[in-house]
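First residue of the sequence shown: 0, per numbering that gives the first Met the number 0; consecutive thereafter. Contents: one structure, followed by commentary.
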Amino acid sequence: MKTILAGLLAIVTLGWGWDLLYGPGPSGSSVLWTMRQQGLYLTGLYSIALMSLSMLLATRPAWLERPLGGMDRVYRLHKWSGILAIGFAAAHWLLEMSDDVLKATIGRAGRLPKEHYSAWFDALRHFGKDMGEWAIYAALAMLVLTLWKRFPYQIWRTLHRIMPAIYLTLAFHAAVLAPPGYWLQPVGLLLALLLTAGAISSALSLTGRIGQRRQVSGTVVSVCNSFTDITAVQCRLAPGWKGHRPGQFAFVTFNRSEGAHPFTIASADRGDRNITLQIKGLGDYTRGLAQRLQPGQAVSVEGPYGRFDLARRNPQAQQIWIAGGIGITPFLAWLESLQDQSDAAPAADLHYCTRDRASDSMIPKLEALCAALPGIRLHVHDARQGQLLTSEKLHALHAGAKRAEVWFCGPQGLADSIKEGLQRTFRSRLRFHQEAFEMR
Ligand SMILES: Cc1cc2nc3c(=O)[nH]c(=O)nc-3n(C[C@H](O)[C@H](O)[C@H](O)COP(=O)(O)OP(=O)(O)OC[C@H]3O[C@@H](n4cnc5c(N)ncnc54)[C@H](O)[C@@H]3O)c2cc1C
């Protein structure tokens with residue numbers, strides 16, 4: 000992720016630097032005024048480039064899953080490019096405001112000469128400037144709400160839908176306020192490409208067409224609420240469904256006004272367009288879901304997405320599969336898909352971390368699935384009994400392994416501590432794959 004963001008910023012810097020070296024430069028202006036002006040251009044370019052990338056990623060481009068490592072990574076990149084873009088937009092705004100400070104300290108002498116445009120273009124530029132300022136305030140407010148994790152997700156999600164409109168306003172601001180000389184330079188071509196990609200993505204989002212081609216309708220076949228807070232929902236999908244690979248997820252809509260929620264498809268693909276979801280009551284919507292769902296009701300499924308794919312494993316590496324709580328769902332799909340080919344199943348240690356073994360309905364299911372797969376060793380870590388999974392325990396278990404490959408789905412804190420601990424021992428011989436259950 001860092002490489003992509005740094006790469007984009009480097010390309011923008013090259014474009015900006017090219018114009019600085021070979022473009023028509025101002026004459027007779029002081030260093031400070033020139034620095035302010037160029038700082039204004041550079042922060043503006045960084046901001047709109049990152050925001051365009053963020054908009055493009057918001058369209059859930061399935062073709063980017065392979066290079067980026069899955070849709071959860073696409074979303075993470077979307078989030079961080081958006082956050083950085085707003086950071087640069089704030090810097091851009093501060094530089095714009097520094098005008099008065101410079102006038103008061105070094106005076107107006109050496110200021111860049113004012114450009115002259117036709118009356119209508121001047122009016123357009125003024126309008127673009129005012130709109131840009133309001134759009135930056137709105138984007139900053141959205142950034143605060145995004146980082147404030149306690150802010151209710153559903154309200155945040157509704158507010159977040161105005162981001163494409165904010166983007167279009169900022170794109171207009173960038174197009175009319177970019178120096179006219181840019182449009183004859185590589186930086187102008189880059190800007191035009193980014194603005195076009197961002198504008199098309201915004202239009203797709205505003206017209207509700209994101210992911211439309213991957214959506215199929217279906218029917219809820221059964222709803223089963225175990226004695227823990229997990230609801231198993233089986234759905235039968237329409238013929239348009241092209242199947243899924245074990246470990247993938249989908250955006251599922253049971254109720255149009257609620258919208259789509261991402262859930263892992265916790266069953267193997269048997270070619271019959273039946274999928275099973277295991278849904279834990281983690282929030283306002285999912286908590287009472289079992290009471291609200293009825294067999295026969297319509298469902299819409301968009302997907303599949305994700306690269307938490309058993310086929311990508313390294314056969315030479317020690318397989319360590321770790322699930323925390325409801326993070327077991329992709330592994331359920333893996334285990335189910337291996338049932339018919341137990342001879343070809345890899346050797347792996349599956350660690351399942353549960354709050355309370357005694358009341359966990361997943362354990363009998365896991366035990367039954369693993370019974371048919373002699374290569375898979377199931378380890379249950381019962382927090383109630385103080386059996387917490389640590390990197391030390393994993394290290395003791397796999398001390399002889401030349402290389403290790405961890406597939407992790409569970410809480411971020413557990414992922415961080417295990418990854419850090421194992422990296423100390425395995426160093427570059429460790430590969431760590433993680434499915435993030437959080438998109439905000
Ligand atoms: C790739 C992926 C796979 C997942 N698989 C499963 C699964 O198999 N079983 C399961 O029980 N849970 C799964 N989740 C988590 C599940 O999506 C959330 O628990 C659920 O959406 C919470 O909704 P809520 O309104 O009840 O909770 P809220 O209290 O409203 O939200 C709790 C958190 O859930 C996330 N969330 C809520 N609504 C959405 C949404 N519409 N889109 C994206 N994220 C949202 C946000 O991070 C939010 O902070 C998965 C999440 C992801 C990203």
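Even glycine gets a Cβ: it sits at the ideal position worked out from N, Cα and C.
Item                                                                                                                                                                  : Value
Indicate the three-state DSSP secondary structure (helix, strand or coil) for glutamine 317 in the structure shown.                                                   : strand
Give the single residue among Leu281, Leu55 and Ile82 whose Cα lies nearest to the Cα of threonine 230.                                                               : Leu281
Pull up the CB-CB distance for glutamine 277 and leucine 334, whole angstroms please, since I reckon it's below 8 Å.                                                  : So it is not a contact: roughly 13 Å between Cβ atoms.
What whole-angstrom Cβ distance do phenylalanine 253 and leucine 292 have, given they're in contact under 8 Å?                                                        : 6 Å
Taking the straight line between their C-alpha atoms, what separation do you get for valine 222 and arginine 286?                                                     : 14 Å
Which term fits glycine 43, buried or exposed, when burial requires 16 or more other beta carbons within 10 angstroms of its beta carbon?                             : buried
Distance check for leucine 190 and arginine 311, CA to CA, integer angstroms please.                                                                                  : 37 Å
What residue from Ala164, Lys102, Gln433 and Val100 has the CA that sits closest to glycine 412's CA?                                                                 : Gln433
With a 10 Å radius around its C-beta and 16 neighbouring C-beta atoms as the bar for buried, classify alanine 344 as buried or exposed.                               : buried
Contact check, leucine 76 vs methionine 0 under 8 Å by CB: the rounded distance?                                                                                      : 5 Å
I'd like to confirm the pairing. Which residues does DSSP put opposite glutamine 214 in its beta bridges?                                                             : Glu301
Grab the span of the beta strand (DSSP E) containing glutamine 433 for me, first residue to last.                                                                     : 429 to 433
Leaving out five residues on either side along the sequence, give the residues of the same chain with a beta carbon under 7 Å from the beta carbon of methionine 162. : Met141
Taking 6 Å as the cut-off, is the CB of leucine 337 close to at least one heavy atom of ligand 1?                                                                     : no
Starting from the N-terminal side, write out each stretch of the beta strand (DSSP E) that is 3 residues or longer and does not extend beyond the segment 82 to 170.  : none
Grab the span of the beta strand (DSSP E) containing histidine 243 for me, first residue to last.                                                                     : Looking at the DSSP string, histidine 243 is not in any beta strand (DSSP E), and its letter there is neither H nor E.
Does the Cβ-Cβ distance between glutamine 386 and histidine 380 come in under 7 Å?                                                                                    : yes
Taking contact to mean 3 or more Cβ pairs, one atom from each stretch, closer than 8 Å, check whether the segment 43 to 56 and the segment 260 to 277 are in contact. : no
If we count the other Cβ atoms within 10 Å of its Cβ and call it buried at 16 or more, is proline 238 buried or exposed?                                              : exposed
With DSSP as the reference, please indicate the residues paired to tyrosine 284 in a beta bridge.                                                                     : Per DSSP, none; premise fails for tyrosine 284.
Less than 7 Å between the beta carbons of aspartate 355 and arginine 383, yes or no?                                                                                  : yes
Closest by CA to arginine 244, which one among Asp268, His260, Phe250 and Ser256?                                                                                     : Asp268
Taking the C-alpha atoms as reference points, what is the distance between alanine 346 and leucine 52?                                                                : 40 Å
Where does the unbroken alpha helix (DSSP H) through histidine 394 begin, and where does it stop?                                                                     : 390 to 396
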